[in-house]
Amino acid sequence: MQIITCKGYTLEKKQPNSPEDAFSLSELVYQDRQEEQKLEVTYITYFESTIAEEEKKKLYDMIEGTPFQLKDLIALFAFIQYPEYKHRKRVFINQEANFNKLFESLHWGNVSNMLGLLAKGRPVDVDTVLELKL
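Under UniProt numbering, residues 1 to 134 are what the sequence shown spells out, in order.
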């Protein structure tokens, strides 16, 4: 399996009374068995401010010097924590506890190395997402 790209963005309002700007969308593009797949994770943007300080420090240390922002990585973390998402195209996270679980038991060194390669535009070979977890 190869992870090709991960990117994210904050949704924008299409109508004045729409709550869309309260949500972010994170996308992960990967290739599995010679077929390109995409996982989209939509979540409430406010959850980014609820991350535990310890995880927040690790995250910002890891993405410092890369073109990535937190919203770019949420789908990647969801894919690592929930390998069954490999069989889904879209996921909606609407509970803070589920969002914060994305940052538990990550092997930060391996994830950091992966981001370094992705930042250079190179796909990353991953035999199993388990090598990205502790």
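For every residue, glycine included, the Cβ atom is placed at its ideal position computed from N, Cα and C.
Beta-carbon spacing of residue i, residue j below 8 Å
{"i": "Tyr46", "j": "Met1", "result": "no"}
{"i": "Asn113", "j": "Ile44", "result": "no"}
{"i": "Lys38", "j": "Glu27", "result": "yes"}
{"i": "Gly8", "j": "Ser18", "result": "no"}
{"i": "Leu106", "j": "Ile74", "result": "no"}
{"i": "Thr10", "j": "Lys71", "result": "yes"}
{"i": "Phe103", "j": "Glu55", "result": "yes"}
{"i": "Ala119", "j": "Phe77", "result": "no"}
{"i": "Asp32", "j": "Lys89", "result": "no"}
{"i": "Trp108", "j": "Lys57", "result": "no"}
Assumed close pair residue i, residue j - CB separation to whole angstroms, cut-off 8 Å
{"i": "Leu115", "j": "Thr50", "result": "Wrong, their Cβ atoms sit about 22 Å apart, outside the cutoff."}
{"i": "Val41", "j": "Val91", "result": "5 Å"}
{"i": "Val111", "j": "Ile3", "result": "11 Å between Cβ atoms; not a contact."}
Outcome for residue i when other beta-carbon atoms lying within 10 angstroms are tallied against a minimum of 16
{"i": "Leu117", "result": "exposed"}
Start-to-end residues for the beta strand (DSSP E) that takes in residue i
{"i": "Phe103", "result": "Neither: Phe103 is in no beta strand (DSSP E) and is coded neither H nor E."}
{"i": "Asp32", "result": "23–32"}
{"i": "Ile44", "result": "35–44"}
{"i": "Thr50", "result": "Careful: Thr50 lies outside any beta strand (DSSP E) and carries neither H nor E."}
{"i": "Gly8", "result": "2–10"}
Next on the checklist: Give the list of continuous beta strand (DSSP E) stretches no shorter than 3 residues that lie fully inside the segment 54–94.
Outcome noted: Whole beta strand (DSSP E) segments, 3+ residues: 90–93.
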